[in-house]
Each structure stands twice: as C-alpha cells, then as structure tokens.
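Please read the structure below before turning to the comments.
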DNA sequence: TGCGCCATCCAAAGCGCTTTGATAAGTCAC
DNA sequence: GTGACTTATCAAAGCGCTTTGGATGGCGCA
C-alpha cells in the first residue's frame with residue numbers, strides 16, 4: 002500500500018493524505034480522522050526511501066565501529082552501548098546503520114556515508130588522542146557525537162565521556178589507603194584516549210604520595226581476558242610482585258583473577274584488584290556485594306544519552322555542542338583488602 | 002555532487018553517465034573512461050536513497066536483535082556475529098540496519114521494515130522452538146536467513162546452525178569416558194532452540210550408557226557469568242555434587258570456574274568443565290592449550306556465511322533455501338580430567 | 001544511391017513521497 | 001451583494017536516481 006493507492010481509496014489527493022498523516026493544520030479534523038483510520042486499516046507506512054529523498058533527511062544514524070586489526074576484535078562494550086543508543090533512536094524514529102571497519106579507515110566510510118546521504122549523523126567510537134576524525138567530520142559537515150574525548154583536539158564538538166582520570170586517581174588512592182605500594186596498571190591500548198587519561202589519573206595519585214611508578218608494572222593492550230591473564234601472570238612471578246592491580250576492563254580483570262588463582266593466591270586477601278566496570282549486561286559484577294571493587298559507569302546509559310545528544314544536534318546544528326562528563330562511582334567489592342604485611346614492612 | 006551536475010559538467014545526458022558508471026554496454030569505451038575519471042575527480046557517489054527508490058532495492062539488510070527483558074541483556078555473541086556479517090555486506094555493497102527490540106515484539110518490526118521498504122531481507126536471531134517468526138516472514142514475503150533453527154517448523158527456510166546436539170552428545174561422551182557420572186548441565190534459556198538441542202544431545206549420551214539424569218543438575222537460564230557461578234555454587238554445596246559441568250557459554254563457564262575455585266577445588270582436577278565456545282574475539286580460550294575443554298564454532302564465521310546466504314537468497318528468491326549445518330570441533334583443554342576416584346567408587 | 005543495422009547517445013517517465021502555489025468554497029463585515 | 005479572508009482541498013513540481021523507448025549518424029552491402 003502506498004500513498005497513491007491510499008488516497009485514491011479515500012477519494013482524496015496525495016497532498017491531503019500526506020498532510021493529514023503528518024499532522025499539518027490545513028486539514029479538517031473529520032478528514033484527518035478518516036485518513037488515519039484508513040491508514041491503519043490498510044496498514045499504510047510511508048516508504049522510508051521515498052520519504053527521505055523528498056525531505057532530505059535520512060532518518061538514520063551511522064555507527065562506524067573500528068575493528069582492532071590485531072585480534073579482529075570488536076570491543077565488547079559496543080553491544081551494550083548500541084542497545085542503549087537504540088532505545089533513543091526508536092523513540093525518535095531513527096534507524097541505526099552499522100559499519101564495521103578495520104581501524105584507521107574510518108574517514109573513508111564517513112565521507113561515503115555523507116556523499117550517499119545515507120545518514121544524518123554519526124557516533125564516533127573509540128577516539129584516540131588527537132583523533133583526526135573530529136576535524137575531518139567538522140570539515141565535511143557531517144553532524145557527530147563522540148563516545149569519549151580526544152585530548153589535543155581544541156575545536157568544540159559534542160561528546161560524552163566518563164571522567165577516567167578522576168576515576169583512576171580515586172581507585173589508586175583507595176589502594177594506597179589500603180597500604181598498597183606496588184600497584185600495577187593493566188590498561189587498554191594507549192593510543193586510545195581513555196587509556197591515556199586513566200594512566201594519568203593513576204600516575205597523579207602515585208606522584209601525590211611520592212611513590213615511584215615501576216615501568217614493568219605498566220601494561221597497555223587490547224583488553225581481552227587473555228591479556229589480563231598474561232600480564233598479571235608475568236608480574237606475579239617477578240621478585241617484587243605487585244600487591245594490587247588496577248585494570249581497565251572487567252574482561253581483563255577476569256584474566257587477572259585467573260592468574261592470581263593459578264598462582265595459588267587469593268584475590269582480595271593476597272592480591273587486590275580494582276577494575277573499571279562498564280556494567281555489561283552479561284557480566285554483572287555480583288549481586289549485592291560486587292566481586293570486583295570497581296569504578297563503575299554504565300555504557301548502556303552512555304549510549305542512550307549520547308544518541309539523544311546527537312539527535313538534538315541534528316535538529317539544531319547551530320546550537321553549541323553539548324558536552325557531558327560523567328563521574329564513575331567507586332563500588333567496593335571483595336577483590337580489595339589491606340596490603341599484605343610483608344609489603345608494609347618493605348615499604 | 003549529483004548526477005545532474007556531473008552530467009552537465011561532462012556535457013552528457015544523465016542516462017549515459019548513469020550507464021557508464023553502472024557498467025552497461027551501450028556506452029563507448031572512451032566515454033566510459035571519461036565519465037569514470039570525472040566521477041572520481043568530483044568524488045561523485047550516487048545518493049543511496051534515490052538509487053533504491055529508483056531500483057526498488059534497499060541495498061540494506063536488517064538485523065532485529067531481541068533483548069532479553071529480564072536482564073536487559075543483549076547476547077554478547079551478537080558483536081562477533083555482526084562483525085562477520087559486516088564483511089559480507091561491505092563486499093556486496095549492502096548496509097546493515099540494526100534494530101533492538103524487547104523480545105517477543107520482533108514481528109511488528111519485521112512488518113514495519115517491509116512496509117517501509119527499509120531492507121531487502123533480515124537475519125533472524127535467536128530462534129526459539131516453533132518460532133512463529135519464520136512462517137510470519139514467509140507470509141509477508143520478506144527474505145530472511147536464520148542463525149540457528151527452529152524445531153517444529155516444517156516449512157523450508159534458509160538457515161545456518163551448529164550441530165548442537167552432536168556437539169553436546171560428544172562432549173558428554175568425553176566426560177563419561179573420563180569416568181564422570183554425575184554431570185551437570187548449565188544450559189541457556191530453554192525456550193531457545195539451541196538449548197533444547199543441547200539438552201537432547203546430553204540426555205542421549207547419558208541414556209546410551211544408562212546413566213540417570215539428575216534433575217537438580219539441569220539448569221537453564223540466560224547465560225551470564227553470574228548465572229554460571231550461582232548454579233555451580235549451589236550444586237557444589239550439595240551432598241552428591243557433580244564432578245563435571247557441561248556449560249553452554251564460555252561466559253557462564255567463567256562463572257562456573259569462579260564457583261569451583263571459591264569452593265577450594267581445582268578445575269580440571271577435582272571438577273571438570275566443558276563449555277561451548279563461540280570463539281569470541283575478546284575471550285580467546287587460551288593460546289596453545291585451551292583453558293576450557295570446549296566444543297568450538299566461530300560465531301563470526303557463522304555471521305559471514307549466513308550473510309552471504311541471505312544475499313544469495315535476495316538475488317535469487319526462487320532458488321531452494323540453502324541450509325548449512327556446521328559441526329563443532331571438540332578441543333581438549335585443561336579444564337577436564339579423569340573423574341575423582343571417590344566418584345568411581347560410588348558408581 | 002539507397003536501405004537496413006548497429007553503435008552511441010538522449011529525453012522523458014517513473015520510483016513514492018513532500019511541498020509549493022493555486023483553486024474553490026465558505027464566512028464575515030459593510 | 002461585494003470584496004476580503006479563511007478554510008479545505010488539489011495539481012504539479014521536485015528530490016536524485018534508473019530505465020524505457022526513441023533519435024541520430026555512420027557503416028556495410030546490394
């Protein structure tokens with residue numbers, strides 16, 4: 002069923018039917034009701050392609066998701082982020098168009114999406130430091146919103162981020178207060194902006210107490226379970242093993258836990274662990290008492306809010322770009338405890 | 002830059018330019034080259050919306066992903082499945098349109114996608130037994146391909162599935178051969194077809210050796226880490242605790258491992274675990290020696306193949322629907338070992 | 001020379017919608 | 001009863017593309 006058919010059934014012009022359905026005032030109440038009823042009866046839904054050709058609005062948002070070439074890995078937080086964003090799109094009648102691309106190649110995809118008029122805007126994922134995509138998007142005039150931020154980028158843009166620096170500073174302080182001195186950082190890929198910021202938060206807290214940062218304790222890689230395990234295993238075997246780990250992802254933290262247990266140690270007693278927790282739906286961090294002490298911030302909620310921000314931006318491109326900084330919550334769980342006495346003695 | 006502009010620059014008609022770009026024969030080689038060069042130079046890309054309006058092809062595939070209402074959970078395998086499918090779409094010039102919907106409401110979304118001509122076909126995720134969506138899609142005439150199968154559905158349709166029954170039968174046999182008799186099944190939601198099939202494989206193997214299945218050892222729920230932990234914890238505390246666990250997801254298996262370790266037992270020595278492993282990129286199951294003995298089948302590869310199958314189906318709707326059954330590979334890792342002696346004695 | 005036939009190109013219709021610019025009918029004041 | 005508005009409707013143009021159904025001219029062949 003299309004407009005033409007529907008209007009001929011009704012004995013009205015396409016104009017009137019279209020106007021009735023889109024809530025324009027130049028239609029009498031009686032006609033509008035008649036049209037709406039008929040539309041429902043014949044289950045008429047406007048053809049999206051035709052509509053967006055006519056209006057110039059694609060009514061779609063693009064998500065260009067970089068795939069880490071090394072492990073062909075798609076960051077598992079995307080699933081939850083997208084689930085959050087989807088609720089916003091549904092509410093506003095937008096579609097979500099997904100593209101997955103080897104990282105580094107995103108710009109071509111953006112250019113293409115713009116040229117084909119396939120989307121009205123994009124969400125920019127996984128920003129790196131000085132991310133060149135931001136000025137590129139501003140240049141070509143494709144509205145966008147960033148999940149995270151890009152240090153070194155001065156031009157204003159729309160973003161939503163967790164305060165990674167303060168979160169990791171606070172987590173480090175928490176460990177220091179427990180008496181830990183040899184603290185390891187198992188961080189994400191350092192090219193990523195969030196990893197950079199987390200490292201800074203960590204380093205700041207250590208510096209504030211004049212505790213040297215051991216370079217062997219600093220790791221940085223894509224956050225798989227295996228990576229957490231390998232990094233922690235290796236460090237735990239060393240002479241002056243860390244007594245605490247600060248981990249950037251609950252997935253890697255699971256690997257760290259595996260390493261700890263394999264070393265015959267007990268997490269929360271012999272070795273403490275704090276992780277960042279994106280509140281992934283399939284990895285709930287315990288019920289009442291969290292398994293891991295964690296800095297927590299729901300990535301799903303982030304998806305929802307950022308999608309709303311992007312839609313607002315699309316509807317009013319001249320408004321100043323909104324920027325949101327969320328504070329992560331520190332939830333104490335069972336993975337942290339006082340530093341073992343030996344560690345104190347040595348200090 | 003659009004067709005009109007480009008053709009006026011070239012001093013050619015839109016017809017000729019369009020034909021030149023789309024590889025039609027009624028264009029001289031010289032003209033074609035000239036057109037292609039100009040298109041490149043002015044970076045002309047046809048407007049997708051206009052193109053699909055004219056051709057009637059949306060050049061898009063829909064993925065309608067159900068969200069389990071209970072945990073607001075999106076199955077984590079989707080990320081990898083979609084990454085696989087995306088490579089196929091990119092190659093064929095299709096877009097991927099994602100919709101996330103509270104489970105049970107999918108049919109409306111399909112009807113809508115069809116009515117709006119937003120997609121040329123859909124991938125059907127997470128089929129349940131007797132899944133009504135299959136006949137629904139056949140009815141409304143929207144091409145589709147199913148990731149999995151639906152027992153009880155007789156009409157022919159295009160699907161790709163792992164042989165869940167044989168995989169779990171084989172895994173159970175493996176445990177039985179190791180001397181295990183008290184084997185627990187930590188399965189996914191039983192409404193799902195794969196869970197049903199896995200349970201059957203398990204039951205078959207047990208029945209073949211005349212070993213009774215203990216109903217307290219059968220669990221079924223959405224596969225979170227927490228669920229694996231809870232189910233295993235509870236069973237391990239019981240008088241006649243299982244000596245082996247068969248788990249439907251590596252994520253839940255991680256929870257099972259946590260329960261085992263918390264009980265002061267050692268996985269692979271005191272308690273054996275076999276899990277199904279979808280080969281998720283961020284949860285690699287060890288390097289050389291797998292952490293978990295597992296029935297393994299790459300969900301990313303499944304995504305790639307199923308996407309190809311759907312595209313083939315869209316291009317030739319009258320061909321008999323392709324159906325692919327993949328055999329999972331059983332990879333022996335460190336999580337399985339002979340049943341503890343006490344278990345033998347009691348047998 | 002004249003005819004038919006390719007090869008090459010084009011004008012225009014059409015995809016399904018929105019929106020502009022009219023038109024026709026009704027209302028009101030004077 | 002006339003002109004000025006308002007209200008309710010419509011015909012047609014236009015969004016950017018593909019595709020149908022010609023046109024044009026050059027060539028071989030009788």
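Protein chains in written order, with the working numbering: chain A, 2 to 348; chain B, 2 to 348.
We put the CB at the ideal spot given by N, CA and C, even for glycine.
Asked, Found
"Just the chain A side, please: which residues come within less than 7 Å of residue 49/B by C-beta, in chain order?", "117, 118 and 119"
"For residue 179/B, which residues from the same chain have a beta carbon less than 8 Å from its beta carbon, with the 5 sequence-adjacent residues on both sides left out?", "245, 273, 337, 338, 339 and 340"
"Which runs of the alpha helix (DSSP H) spanning at least 4 residues fall entirely within the region 243 to 293 of chain A, listed in chain order?", "251 to 263"
"Quick one: give me the first and last residue of the beta strand (DSSP E) that residue 212/B is part of.", "That residue, residue 212/B, is in no beta strand (DSSP E); it is neither H nor E in DSSP."
"With DSSP as the reference, label residue 227/A as helix, strand or coil.", "helix"
"Could you tell me whether any Cβ in chain A is nearer than 8 Å to the Cβ of residue 109/B?", "no"
"What does a CB cutoff of less than 6 Å around residue 96/A pick up in its chain, not counting 5 residues either side in sequence?", "61"
"Could one say the Cβ of residue 72/B lies closer than 8 Å to chain A's Cβ atoms, at least one of them?", "yes"
"With a 10 Å radius around its C-beta and 16 neighbouring C-beta atoms as the bar for buried, classify residue 7/B as buried or exposed.", "buried"
"From residue 28/B to residue 15/B, what distance separates their C-alpha atoms?", "12 Å"
"Tell whether a beta-carbon distance below 8 Å holds between residue 109/A and residue 326/A.", "no"
"So which residues on chain A does residue 282/B lean against when the C-beta distance must stay under 7 Å?", "72, 73, 74 and 75"
"Have a look at residue 344/B and residue 177/A and give me their C-alpha separation to the nearest angstrom.", "Summary for residue 344/B: the model assigns pLDDT 42, below 50, so the residue's position carries little reliability; its value from the coordinates is reported in the next sentence. Their backbone Cα atoms lie some 47 Å apart in a straight line."
"On a CA-only basis, which of 225/A, 284/A, 189/A and 117/A is nearest residue 256/B? Give me that one, please.", "284/A"
"Would you call the CB atoms of residue 295/A and residue 46/B closer than 8 Å?", "no"
"Hey, could you find the ends of the alpha helix (DSSP H) residue 162/B is sitting in?", "From DSSP, residue 162/B is part of no alpha helix (DSSP H) but of the beta strand (DSSP E) over 160 to 163."
"Any beta carbon of chain B sitting closer than 8 Å to that of residue 36/A?", "no"
"Under 8 Å between beta-carbons, which chain A residues line up against residue 81/B? List them in chain order, please.", "75"
"Count the C-beta pairs between the region 66 to 80 of chain B and the region 122 to 139 of chain B that are closer than 8 Å, then say yes if the count reaches three, no if not.", "yes"
"What residue range is occupied by the uninterrupted alpha helix (DSSP H) comprising residue 396/A?", "Lying before the first or after the last residue shown, residue 396/A is absent from chain A, which here runs from 2 to 348."
"So with CB distances below 7 Å, who are the chain B contacts of residue 53/A?", "50"
"Taking residue 65/B as part of the beta strand (DSSP E), name the residues at either end of that continuous run.", "61 to 68"
"Tell me, please, whether the CB atom of residue 97/B is closer than 8 Å to any CB atom in chain A?", "yes"
"Between the region 302 to 317 of chain B and the region 168 to 177 of chain B, are three or more C-beta pairs nearer than 8 Å?", "no"
"Spell out whether any CB of chain A is found under 8 Å from the CB atom of residue 234/B.", "no"
"Taking the straight line between their C-alpha atoms, what separation do you get for residue 92/A and residue 113/B?", "15 Å"
"Do residue 119/B and residue 59/B have their CB atoms nearer than 8 Å?", "yes"
"Rounded to a whole number of angstroms, what is the C-alpha to C-alpha distance between residue 250/B and residue 175/A?", "34 Å"
"Any heavy atom of the ligand PLP closer than 7 Å to the CB of residue 130/A?", "What this structure holds is no ligand at all, so the ligand PLP is not there to describe."
"Which residue's Cα is closest to the Cα of residue 1/A: 53/A, 214/A, 335/A and 223/A?", "A query on residue 1/A cannot be resolved here, the shown segment of chain A reaching from 2 to 348 and no further."
"In whole angstroms, what is the alpha-carbon distance linking residue 240/A and residue 217/A?", "12 Å"
"Taking DSSP's pairing of strands, which residues face residue 188/A in a bridge?", "221/A"
"I'd like the span of the beta strand (DSSP E) that includes residue 151/B, first residue to last.", "Segment: none, residue 151/B is in no beta strand (DSSP E) and carries neither H nor E."
"For residue 346/B and residue 237/B, I'd like the C-alpha separation in whole angstroms.", "Because the pLDDT at residue 346/B is just 41, under 50, the model does not fix this residue reliably, and the point stays unresolved."
"Does the separation of the CB atoms of residue 98/A and residue 63/A fall below 8 Å?", "yes"
"Helix, strand or coil: how does DSSP classify residue 58/A here?", "coil"
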